[in-house]
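Participant:
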Amino acid sequence: KHMRFLLLFSRQGKLRLQKWFTPITEREKKKIIRDMTTLVLARQPRSCNFLQWKDLKIIYKRYASLYFCLAVENQENELLALEVIHRYVELLDKYFGNVCELDIIFNFEKAYFILDEFLMGGEIQETSKQMVNRCIEASDMLQEVRYPPTPRPVLPVAQL
Amino acid sequence: MPAVSKGDGMRGLAVFISDIRNCKSKEAEVKRINKELANIRSKFKGDKALDGYSKKKYVCKLLFIFLLGHDIDFGHMEAVNLLSSNKYTEKQIGYLFISVLVNSNSDLIRLINNAIKNDLASRNPTFMNLALHCIANVGSREMAEAFASEIPRILVAGDSMDSVKQSAALCLLRLNRTSPDLVPMEEWTARVVHLLNDQHLGVVTAATSLIITLAQKSPDDFKTSVSLAVTRLSRIVTSASIDLQDYTYYFVAAPWLSVKLLRLLQCYPPPEDTALRSRLTECLETILNKAQEPPKSKKVQHSNARNAVLLEAIALIIHHDSEPTLLVRACNQLGQFLQHRETNLRYLALESMCTLASSEFSHEAVKTHIETVISALKTERDVSVRQRAVDLLYAMCDRSNARQIVAEMLGYLETADYSIREEIVLKVAILAEKYAVDYTWYVDTILNLIRIAGDHVSEEVWYRVIQIVINRDDVQGYAAKTVFEALQAPACHENLVKVGGYILGEFGNLIAGDPRSSPLVQFNLLHSKFHLCSVPTRALLLSAYIKFINLFPEVKATIQDVLRSDSQLRNADVELQQRAVEYLRLSCIASADILATVLEEMPPFPERESSILAKLKKKKGSGKLPENVNGNAELHAEEPAAANKASPPPPTEVLALNPTPPAAAHSLLVDVFSDLSAPTAVAEDHLSRFVCKNNGVLYESQLLQVGLKSEYRQNLGRIYVFYGNKTSSSFLSFSSWVSSSDVLKTQLNVHAKAVEPVIEGGAQVQQVLNIECVTDFSDVPVLNVQFRYAGTLQNIEVKLPVMLNKFFQPTEMTSQDFFQRWKQLGAPQQEVQKIFKAQHPMETDAAKAKLLGFGVALLEGVDPNPANFVGAGIIHSKSAQVGCLLRLEPNTHAQMYRLTLRTSRDSVSQRLCQLLSEQF
Chain B
1 KHMRFLLLFS RQGKLRLQKW FTPITEREKK KIIRDMTTLV LARQPRSCNF
51 LQWKDLKIIY KRYASLYFCL AVENQENELL ALEVIHRYVE LLDKYFGNVC
101 ELDIIFNFEK AYFILDEFLM GGEIQETSKQ MVNRCIEASD MLQEVRYPPT
151 PRPVLPVAQL
Chain U
1 MPAVSKGDGM RGLAVFISDI RNCKSKEAEV KRINKELANI RSKFKGDKAL
51 DGYSKKKYVC KLLFIFLLGH DIDFGHMEAV NLLSSNKYTE KQIGYLFISV
101 LVNSNSDLIR LINNAIKNDL ASRNPTFMNL ALHCIANVGS REMAEAFASE
151 IPRILVAGDS MDSVKQSAAL CLLRLNRTSP DLVPMEEWTA RVVHLLNDQH
201 LGVVTAATSL IITLAQKSPD DFKTSVSLAV TRLSRIVTSA SIDLQDYTYY
251 FVAAPWLSVK LLRLLQCYPP PEDTALRSRL TECLETILNK AQEPPKSKKV
301 QHSNARNAVL LEAIALIIHH DSEPTLLVRA CNQLGQFLQH RETNLRYLAL
351 ESMCTLASSE FSHEAVKTHI ETVISALKTE RDVSVRQRAV DLLYAMCDRS
401 NARQIVAEML GYLETADYSI REEIVLKVAI LAEKYAVDYT WYVDTILNLI
451 RIAGDHVSEE VWYRVIQIVI NRDDVQGYAA KTVFEALQAP ACHENLVKVG
501 GYILGEFGNL IAGDPRSSPL VQFNLLHSKF HLCSVPTRAL LLSAYIKFIN
551 LFPEVKATIQ DVLRSDSQLR NADVELQQRA VEYLRLSCIA SADILATVLE
601 EMPPFPERES SILAKLKKKK GSGKLPENVN GNAELHAEEP AAANKASPPP
651 PTEVLALNPT PPAAAHSLLV DVFSDLSAPT AVAEDHLSRF VCKNNGVLYE
701 SQLLQVGLKS EYRQNLGRIY VFYGNKTSSS FLSFSSWVSS SDVLKTQLNV
751 HAKAVEPVIE GGAQVQQVLN IECVTDFSDV PVLNVQFRYA GTLQNIEVKL
801 PVMLNKFFQP TEMTSQDFFQ RWKQLGAPQQ EVQKIFKAQH PMETDAAKAK
851 LLGFGVALLE GVDPNPANFV GAGIIHSKSA QVGCLLRLEP NTHAQMYRLT
901 LRTSRDSVSQ RLCQLLSEQF
């Protein structure tokens with residue numbers, strides 16, 4: 001009764017983040033990624049956010065140019081899964097400040113770290129935004145080297 | 001927040017990512033990546049030691065390249081080095097790399113485990129969390145073995161930080177899912193349950209997730225969690241939203257925790273304690289009441305969170321299925337959602353109502369929404385919502401509304417998306433059979449199905465209609481008349497030709513009195529379709545023709561002419577040619593009496609459960625479609641005749657059209673199908689090749705390749721079986737299972753996970769077999785594979801190479817120990833000796849490899865004669881561990897071997913000797 005994977009991809013079907021909560025071969029991953037992008041990108045606007053796919057339920061939502069696509073086992077609560085996605089977007093947004101697709105491309109490792117503070121083993125670890133942010137900021141304080149910032153592109157992903 | 005790049009901005013990485021993004025073509029990208037890989041490789045190999053920062057940067061680049069979809073075959077060692085860095089960001093990147101690119105390389109796993117062990121012991125919560133995350137991300141058995149005993153300690157330790165407890169709970173949950181046998185929870189149960197009382201809501205949430213999983217496996221151990229969960233839930237439900245501070249989500253109090261608690265309660269029946277029970281009822285009522293209050297925010301997040309809790313509460317009410325008032329309220333609430341403007345809610349309401357429909361308290365209440373659901377089927381823009389509407393109509397169907405629902409589904413089928421047509425066809429077929437009062441309606445419905453969606457009518461459906469017609473003589477005349485009329489259409493689906501051919505072949509005589517459907521008219525009608533049909537259908541028609549010869553002597557000459565024509569007798573297809581020759585010959589030489597006996601009407605099929613149902617379940621995953629309680633009762637009332645459920649293993653048995661054994665005289669039409677099935681192929685010569693190795697190709701034919709990868713640990717094993725479709729078209733109704741002799745069943749547990757019923761052309765699917773050795777054994781389990789290829793049922797049986805020696809653990813020992821034990825095992829029945837001729841060249845290295853593959857440790861310097869081999873190992877089974885010593889003495893001059901085995905159990909000695917002696 002838990003999450004199986006989370007994928008972030010662009011409207012062009014470019015994968016931006018992949019998180020697998022159960023062991024699965026690279027070959028299967030590629031197939032799933034292909035299936036998910038075709039399936040989700042083909043959906044009409046204003047359709048519902050849920051899809052049945054094999055024995056899994058796919059919950060997806062689009063934020064600006066990015067699709068967030070979460071696969072859960074069948075008995076999982078769909079509406080709350082939708083809010084898992086939203087909470088993750090909020091966390092990214094808080095961290096990057098008006099997060100956009102390019103933030104996630106150039107700081108992909110941060111996007112993974114934030115996700116790891118939020119979810120673990122396919123279960124929600126910490127639902128409090130403050131708590132997650134505190135953890136992430138604390139780890140940023142542990143940094144030892146600072147380099148000039150990468151140029152910040154515009155193109156807001158999430159207008160919340 | 002200022003627009004600054006956070007983190008430690010690895011500039012080289014950013015430049016590299018920019019470069020990749022600027023590549024105009026895939027080729028340019030590959031070129032750039034290869035350049036970078038070469039650069040990183042040279043840095044890693046260079047003489048100059050890299051500093052931590054550079055190492056981190058390169059590892060991060062490799063990770064990026066891997067995530068782009070390219071293979072990475074180096075850098076693992078550098079990533080592992082980063083784990084022991086004392087700089088947080090370096091450690092963090094190291095862990096990320098390991099988590100994403102798990103490598104089963106055992107040397108590395110040991111190093112990784114070491115680093116994790118250090119971090120877990122560091123008492124630094126940030127480091128501990130990283131380590132726990134890594135365990136949860138990788139989750140391999142090796143890790144479970146190394147840490148499963150440590151993590152519960154961390155979870156319940158008084159001085160663990162809250163965030164560490166959260167990670168520990170979920171990490172444990174993850175390990176429990178993959179390796180439950182390695183995560184013993186008994187001694188921790190009480191303290192884990194107690195975490196439900198924790199001050200910190202984050203800890204409670206994580207602990208609840210863990211307890212849900214554990215309670216599902218051993219509900220009795222976690223029974224005490226029920227009252228704690230109710231108390232906790234009640235506190236949340238009645239709290240003012242600000243009480244929970246940051247655990248309030250858009251004005252909804254702790255929605256995640258609430259849903260988890262409600263889910264935990266779904267692992268149990270309603271509480272027996274009345275006080276507790278009424279407290280829970282109060283909670284559920286409060287949640288239902290809140291749904292009627294005006295929203296506290298216009299944001300969709302607010303309503304989502306609120307409705308998430310509401311729907312979970314409804315799920316619990318449905319699960320308990322004991323409080324009629326709550327059930328009716330739940331049903332009314334869902335009824336409101338059915339008409340909600342949010343598509344998501346309509347979808348979920350349709351879904352929840354499906355489960356509600358199976359409760360006897362609410363079945364009638366659900367039925368009152370039938371018009372809304374039918375209108376959803378017609379007006380919803382989104383196919384996934386329409387699909388839910390179909391599911392709900394199916395679930396709410398009973399005798400009172402079956403005609404309406406079937407008619408609506410048939411109407412919808414005309415315009416339905418191709419993706420869901422087959423499923424609708426199956427559902428209509430099931431409902432029509434289940435609720436048929438008169439079978440003319442049933443026959444009409446199925447013929448309509450074929451007319452509207454012939455391509456989506458699977459074999460199960462049309463086999464079933466034939467079975468039913470054959471078993472019910474009240475409908476046979478009607479069926480013959482109806483198929484005859486349907487076949488008049490200039491273009492009719494091939495499935496109709498099959499049904500028509502079969503039914504007219506059996507019951508054409510019932511309508512032959514009418515000159516408009518005289519025997520010759522019937523025959524000409526069927527034969528006019530012949531040339532448009534595929535081989536299996538033509539084969540079926542030929543059988544119908546020979547049946548005609550028996551039924552109607554007046555058309556015998558016409559049909560013989562057809563059979564005699566070159567296009568039949570010299571048909572390129574062997575099956576068709578053979579039928580034409582045999583049927584022609586039969587019709588020429590057999591007397592009318594003999595013909596009448598041979599071609600007698602089909603006997604009734606044994607009553608059995610519809611395999612359409614099995615197919616539907618398989619298609620949807622069995623949990624999806626609750627069997628309508630009322631409907632089932634009616635079904636059984638109607639078909640009391642010896643519910644033949646005695647043949648569970650092959651789920652898609654070809655109905656009774658392929659029964660066993662075919663009764664010789666009656667089986668001609670039966671054989672239409674069994675002739676086409678390839679005979680069962682049994683392969684076993686591969687078996688001995690797998691005694692000393694675990695991987696390889698087990699079976700191969702022109703259609704199918706079966707490969708194996710096996711791993712064993714102590715008394716447990718896991719086999720990955722790979723089925724490769726070597727053809728370009730799909731295998732349908734694919735199923736595979738393992739069977740064992742009765743004796744073997746008590747000695748060896750084999751559990752096969754289910755596989756997809758379809759393997760597309762050129763594709764490969766994997767099946768996992770979990771194996772447990774209970775006690776020593778000598779039989780071999782059999783892998784059964786069944787599928788349909790080009791209309792032909794294929795059966796394959798292959799012996800599955802699970803032998804006793806697979807459960808060997810090699811044991812190193814000194815020469816002294818060896819001889820001491822050798823003497824201890826001196827009883828005559830403990831020793832087995834065999835002298836045999838060498839089948840293969842007698843090479844020392846090959847022999848060593850075989851002995852190691854067999855599973856024993858080779859002990860050097862024990863035997864005074866260096867040409868001899870001495871080995872030792874322990875056979876692990878659930879009931880016992882059996883030590884085993886062996887000695888193999890080659891005599892190259894005579895091309896002979898002498899093998900001596902000593903174990904504490906004679907059956908083990910015998911079996912091992914038998915297995916090993918065949919290898920040399």
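The listed protein sequences correspond, in order, to chains B and U. Note that UniProt numbering numbers the first sequence so that position 149 is 149, with each residue one more than the last. Note that UniProt numbering numbers the second sequence so that position 719 is 719, with each residue one more than the last. The beta carbon of each residue, even a glycine, is placed where N, CA and C say it ideally should be. The model shown is predicted, which means the values in this text are computed figures rather than measured ones.
#1: Taking a Cβ distance cut-off of 8 Å, strictly less, list which residues of the region 88 to 108 of chain B are near chain D, in chain order.
#2: Pull out every residue of the region 168 to 182 of chain U whose Cβ sits closer than 7 Å to any Cβ of chain B, in chain order.
#3: Please return the same chain residues whose Cβ sits closer than 8 Å to the Cβ of Lys848/U, not counting the five positions on each side in sequence.
#4: Short of 6 Å in beta carbon distance, which residues of its chain neighbour Phe435/U, apart from the five on each side in sequence? Order them along the chain.
#5: Determine, for Gly13/B, whether the minimum Cβ-Cβ distance to residues of chain U falls below 8 Å.
#6: Determine, using beta carbons only, whether Glu312/U comes closer than 8 Å to chain B.
#7: Considering just the uninterrupted stretch of the beta strand (DSSP E) at Gln705/U, what are its terminal residues?
#8: For Lys19/B, collect the residues of the same chain with a Cβ closer than 7 Å to its Cβ; drop the 5 residues on either side in sequence, then sort them by chain order.
#9: State whether the region 144 to 156 of chain U contacts the region 165 to 179 of chain U, with contact taken as three or more CB pairs (one from each stretch) at a distance under 8 Å.
#10: Give the straight-line distance between the Cα atoms of Leu657/U and Pro606/U, rounded to the nearest whole angstrom.
#11: Going along the region 142 to 170 of chain U in order, which residues come within less than 8 Å of chain B, judged by CB to CB distance?
#12: Are Arg911/U and Ser701/U close, meaning C-beta to C-beta below 8 Å?
#13: Counting contacts by CB-CB distance shorter than 8 Å, is Cys92/U in contact with chain B?
#14: May I have the straight-line CA-CA distance separating Gln130/B from Leu56/B, to the nearest angstrom?
#15: Buried or exposed, going by whether 16 or more other CB atoms sit within 10 Å of the CB of Ser909/U?
#16: Please compile the residues from chain U whose C-beta is within a distance smaller than 7 Å of the C-beta of Asp35/B.
#17: Starting from Met3/B, follow its DSSP beta bridges and name the residues at the other end.
#18: Distance, Cα to Cα, Gly94/U vs Asn39/U?
#19: Identify the contact partners of Thr127/B in chain U, using a Cβ-Cβ distance below 9 Å as the criterion.
#20: Taking all protein chains shown into account, decide if Glu186/U is buried (16 or more other Cβ within 10 angstroms of its Cβ) or exposed.
#21: For chain B, is any of its Cβ atoms less than 8 Å away from the one on Tyr88/U?
#22: Could you name the residues of chain B that His320/U contacts, counting a contact when the two beta carbons are closer than 9 Å?
#23: Quick check: the Cα distance between Gln816/U and Leu885/U, rounded to an integer number of angstroms?
#24: Please report the straight-line C-alpha distance between Ala880/U and Leu800/U, rounded to a whole angstrom.
#25: Pick from Cys23/U, Tyr712/U, Val193/U and Leu316/U: whose alpha carbon is nearest that of Gln266/U?
#26: Quick one: what's Ser47/B bridged to in DSSP?
#27: Using alpha carbons as the reference points, say which of Leu79/B, Lys54/B and Phe9/B lies closest to Glu342/U.
#28: Please report the distance separating the alpha-carbon of Leu356/U from that of Val328/U.
#29: In chain B, which residues lie with their C-beta within 7 Å of the C-beta of Tyr347/U?
#30: Note the first and the last residue of the continuous alpha helix (DSSP H) segment covering Lys848/U.
#31: Helix, strand or coil for Gly883/U per DSSP?
#32: Looking only at its chain, what residues have a beta carbon closer than 6 Å to the beta carbon of Val862/U, apart from the 5 residues adjacent to it on each side?
#33: Taking the alpha helix (DSSP H) that Leu67/U belongs to, which residues open and close that run?
#34: Is the Cβ of Arg713/U closer than 8 Å to any Cβ of chain B?
#35: For Glu126/B, which of helix, strand or coil comes out of DSSP?
#36: Name the chain U residues that come within less than 7 Å of Ser65/B, Cβ to Cβ?
Facilitator: This is what the structure holds:
#1: Among the protein chains of the structure shown, namely B and U, there is no chain D.
#2: Those residues of the region 168 to 182 of chain U placed with their C-beta closer than 7 Å to a C-beta in chain B are Leu170, Cys171, Leu173 and Arg174, ordered along the chain.
#3: If we look at Lys848/U and ignore the five residues flanking it on each side, its Cβ neighbours are Leu858 and Phe869.
#4: Residue 435/U is actually Tyr in this sequence, not Phe. Once the five neighbours on either side are set aside, the close Cβ partners of Tyr435/U are Arg399 and Ala402.
#5: It does not: the Cβ of Gly13/B has no partner Cβ on chain U nearer than 8 Å.
#6: The beta-carbon of Glu312/U is placed less than 8 Å from the nearest beta-carbon of chain B.
#7: Leu704 to Arg713 is the extent of the beta strand (DSSP E) around Gln705/U.
#8: Same-chain partners within the cutoff: Phe5, Leu6 and Leu115.
#9: By the Cβ rule, the region 144 to 156 of chain U counts as touching the region 165 to 179 of chain U, because three or more pairs are nearer than 8 Å.
#10: Annotation note: pLDDT 35 at Leu657/U (below 50); position unreliable, coordinate value reported separately. Roughly 11 Å separates the two Cα atoms.
#11: Flagged, chain order: Ser163, Gln166, Ser167 and Leu170.
#12: No, the Cβ-Cβ distance between Arg911/U and Ser701/U is not below 8 Å.
#13: Reading off the sequence shown, one finds Gln at residue 92/U, where the question assumed Cys. By the rule that beta-carbons nearer than 8 Å mark a contact, Gln92/U touches chain B.
#14: When only Cα atoms are considered, Gln130/B and Leu56/B end up about 31 Å apart.
#15: Label assigned to Ser909/U: buried.
#16: Per Cβ cutoff of 7 Å: no residues; Asp35/B is ~13 Å from chain U at best.
#17: In the DSSP output, where bridge partners are listed per residue, Met3/B has Val72/B.
#18: Taking the CA atoms as reference points, Gly94/U sits about 20 Å from Asn39/U.
#19: Neighbours of Thr127/B across chain U, judged by C-beta separation under 9 Å: Leu201, Gly202, Thr205, Asp246, Tyr247, Tyr249, Ala254, Pro255, Trp256 and Leu257.
#20: Exposed is the call here.
#21: Yes, contact with chain B.
#22: Annotation: His320/U has no Cβ neighbours in chain B at a cutoff of 9 Å; minimum Cβ distance is about 16 Å.
#23: Cα-Cα distance, rounded: 13 Å.
#24: Taking the straight line joining both Cα atoms gives about 23 Å.
#25: Considering only alpha carbons, the answer is Leu316/U.
#26: In the DSSP output, where bridge partners are listed per residue, Ser47/B has none listed.
#27: Nearest of Leu79/B, Lys54/B and Phe9/B to Glu342/U, Cα basis: Leu79/B.
#28: If you take the alpha carbons of Leu356/U and Val328/U, they lie about 10 Å apart.
#29: What Tyr347/U touches in chain B: Cys48 and Phe50.
#30: For Lys848/U, the enclosing alpha helix (DSSP H) covers residues Thr844 to Phe854.
#31: DSSP places Gly883/U in the strand class (E or B) of the three-state scheme.
#32: Same-chain partners within the cutoff: Ser815, Phe818 and Val870.
#33: Taken as a continuous stretch (DSSP letters only), the alpha helix (DSSP H) holding Leu67/U covers Gly52 to Leu67.
#34: Chain B contact via Cβ: absent.
#35: Under the three-state reduction of DSSP output, Glu126/B falls in the coil class, being neither helix nor strand.
#36: Result: empty, since nearest Cβ-Cβ is about 14 Å, beyond 7 Å.
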